[in-house]
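In UniProt numbering, the protein residues as written are 1 to 196. All C-beta atoms, glycine included, are put in the ideal place defined by N, C-alpha and C. Please read the structure below before turning to the comments.
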Amino acid sequence: MSSPPPHFPSRPHAEFEATIFLLRTVAKTFHVPRMDCHHDTNLDTIRLTIELPGVRRDNLRVILCNDAILRQRGIQIWGFTIPPQWELRNGAAPTFATTQPTVVDNLQPPAADPAMSLRFGYGYPPNFSIRERKHGEFYRFFPLPATTTAQDIRIELDAGVLTVSIICQKPLTAIESEVLQEDLEVNTTAKLDLVT
Numbered sequence: 001m002s003s004p005p006p007h008f009p010s011r012p013h014a015e016f017e018a019t020i021f022l023l024r025t026v027a028k029t030f031h032v033p034r035m036d037c038h039h040d041t042n043l044d045t046i047r048l049t050i051e052l053p054g055v056r057r058d059n060l061r062v063i064l065c066n067d068a069i070l071r072q073r074g075i076q077i078w079g080f081t082i083p084p085q086w087e088l089r090n091g092a093a094p095t096f097a098t099t100q101p102t103v104v105d106n107l108q109p110p111a112a113d114p115a116m117s118l119r120f121g122y123g124y125p126p127n128f129s130i131r132e133r134k135h136g137e138f139y140r141f142f143p144l145p146a147t148t149t150a151q152d153i154r155i156e157l158d159a160g161v162l163t164v165s166i167i168c169q170k171p172l173t174a175i176e177s178e179v180l181q182e183d184l185e186v187n188t189t190a191k192l193d194l195v196t
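Take a look at the structure:
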């Protein structure tokens with residue numbers, strides 16, 4: 001297993017990136033937070049409302065960017081939550097957290113004796129734990145108009161809800177939309193005769 005990237009104090013998101021790296025050593029997947037999208041026709045604004053329960057401001061990045069392949073302008077919602085029973089420890093055996101997690105070199109589920117393991121659902125059998133909340137890394141990309149700048153976006157995080165307001169241009173009229181439409185040719189291939 002490779003070691004986490006070094007901490008560079010000059011890099012603004014070094015601590016964030018190091019924690020993401022540690023989380024990926026435990027969980028290889030990420031989840032997509034739930035979102036509502038509303039277009040306010042009076043203010044010509046798109047409002048995204050994204051559920052991020054338990055997410056601290058330090059564990060969240062909102063990035064205005066271009067998609068690498070399609071070059072689509074968009075906004076990235078990227079971050080993580082850490083289960084309350086996990087604790088990030090620097091080289092020591094993991095234990096149950098009693099304070100806020102800190103970024104260090106190792107991330108593991110808590111060490112527990114067999115009785116505790118069964119009670120918390122870490123042993124087999126039986127497994128009586130209920131785990132419905134999602135923890136770990138999350139990511140979502142939302143496309144934006146090509147002319148969007150940072151000055152067009154306002155972001156607020158309150159009570160576990162991230163609200164992103166984006167100023168946009170007036171929608172195309174039906175005539176404008178129809179003018180920009182173009183039918184594309186669909187090529188077909190001849191079916192091959194199967195020889196039996």
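List the endpoints of the continuous alpha helix (DSSP H) containing Phe-16.
-> Sequence index remark: in the sequence shown, residue 16 carries index 16 (1-based). Where Phe-16 is concerned, the enclosing alpha helix (DSSP H) stretches over 14 to 26.
Name the two residues that bound the continuous alpha helix (DSSP H) containing Val-186.
-> Taking the first residue of the sequence shown as position 1, residue 186 is located at position 186. For Val-186, no alpha helix (DSSP H) run applies, since DSSP gives it neither H nor E.
Where Asp-44 falls: helix, strand or coil (DSSP) | Here residue 44 refers to the residue found at position 44 of the sequence shown. The answer is coil: DSSP assigns Asp-44 none of H, G, I, E or B.
Just tell me which of Val-179, Arg-71, Leu-43 has its CA closest to the CA of Asp-152.
-> By one-based count along the sequence shown, residue 152 stands at place 152. For the residues Val-179, Arg-71, Leu-43, the minimum Cα distance to Asp-152 belongs to Leu-43.
Since Val-62 and Ile-75 are thought to touch, with beta carbons under 8 Å apart, how far apart are those beta carbons, to the nearest angstrom?
-> For the purposes of this step, residue 62 is taken as the residue at position 62 of the sequence shown. For the purposes of this step, residue 75 is taken as the residue at position 75 of the sequence shown. With 8 Å as the limit, Val-62 and Ile-75 qualify as a contact, their Cβ atoms being about 6 Å apart.
Do you know whose CA, among His-13, Ala-27, Ala-18, Ala-68, lies nearest His-135's CA?
-> Taking the first residue of the sequence shown as position 1, residue 135 is located at position 135. Ranking His-13, Ala-27, Ala-18, Ala-68 by Cα distance to His-135 puts Ala-27 first.
Taking Ile-175 as part of the alpha helix (DSSP H), name the residues at either end of that continuous run.
-> In the sequence shown, residue 175 corresponds to position 175, counting from 1. Unbroken alpha helix (DSSP H) run through Ile-175: 174 to 179.
Which residues bound the beta strand (DSSP E) around Glu-137?
-> What you label residue 137 is simply residue 137 of the sequence shown in a count that begins at 1. Secondary structure note for Glu-137: its beta strand (DSSP E) is the uninterrupted segment 136 to 143.
Residue environment, Ile-69, which counts as buried when at least 16 other CB atoms sit within 10 Å | Position 69 of the sequence shown, counted from the first residue, corresponds to residue 69. Residue burial is scored here from C-beta neighbours: Ile-69 has fewer than 16 other C-beta atoms within 10 angstroms and is therefore classed as exposed.
On the three-state DSSP scale, how would you describe Gln-72?
-> Locating residue 72 in the sequence shown gives position 72, where the first residue counts as 1. Coil at Gln-72, not helix or strand.
Would you kindly work out how many angstroms separate the C-alpha atoms of Tyr-139 and Thr-147, rounded to a whole number?
-> Against the sequence shown, residue 139 aligns to sequence position 139. Against the sequence shown, residue 147 aligns to sequence position 147. For Tyr-139 and Thr-147, the distance between alpha carbons rounds to 23 Å.
Three-state secondary structure (DSSP) of Asp-152 = As a working note, residue 152 is residue 152 in the sequence shown. Helix.
Tell me whether the beta-carbon of Leu-64 lies closer than 8 Å to the beta-carbon of Ala-150.
-> Residue numbering aside, residue 64 sits at position 64 when the sequence shown is read from its first letter. Residue numbering aside, residue 150 sits at position 150 when the sequence shown is read from its first letter. Yes, the pair counts as a contact, with Cβ atoms nearer than the cut-off.
What do you get for Tyr-124, buried or exposed, if any count of 16 or more other CB atoms within 10 angstroms of its CB means buried?
-> Residue 124 sits at position 124 when you count from the first residue of the sequence shown. In this prediction, Tyr-124 scores a pLDDT of 47, lower than 50, which makes its location untrustworthy; the coordinate-derived value is nonetheless stated afterwards. Flag for Tyr-124 reads exposed.
Output the distance between the C-alpha atoms of Ile-175 and Asp-183, rounded to the nearest integer angstrom.
-> Within the sequence shown, residue 175 is the residue found at index 175, counting from 1. Within the sequence shown, residue 183 is the residue found at index 183, counting from 1. One C-alpha to the other measures close to 16 Å.
Identity of the residues DSSP links to Asn-66 by a beta bridge | Taking the sequence shown and counting its residues from 1, one reaches residue 66 at position 66. Within the DSSP bridge table, the entry for Asn-66 names Arg-73 as partners.
State buried or exposed for Glu-137, treating a residue as buried only when at least 16 other CB atoms are found within 10 Å of its CB.
-> Working through the sequence shown from its first residue, we reach residue 137 at position 137. Buried, by the Cβ-count rule.
Considering only residues of the same chain and omitting the five flanking positions on each side of Met-35, which have a CB-CB separation below 7 Å?
-> As a working mapping, residue 35 is identified with position 35 in the sequence shown. Around Met-35: Leu-48, Thr-49, Ile-50, Arg-140.
To which residues does DSSP link Asp-158 through a beta bridge?
-> As a working mapping, residue 158 is identified with position 158 in the sequence shown. Within the DSSP bridge table, the entry for Asp-158 names Val-161 as partners.
Residues near Ile-155 by beta carbon distance below 6 Å, same chain, minus five either side | The sequence position of residue 155 within the sequence shown is 155, counting from 1. Excluding sequence neighbours, Ile-155 sits near Val-62, Val-164.
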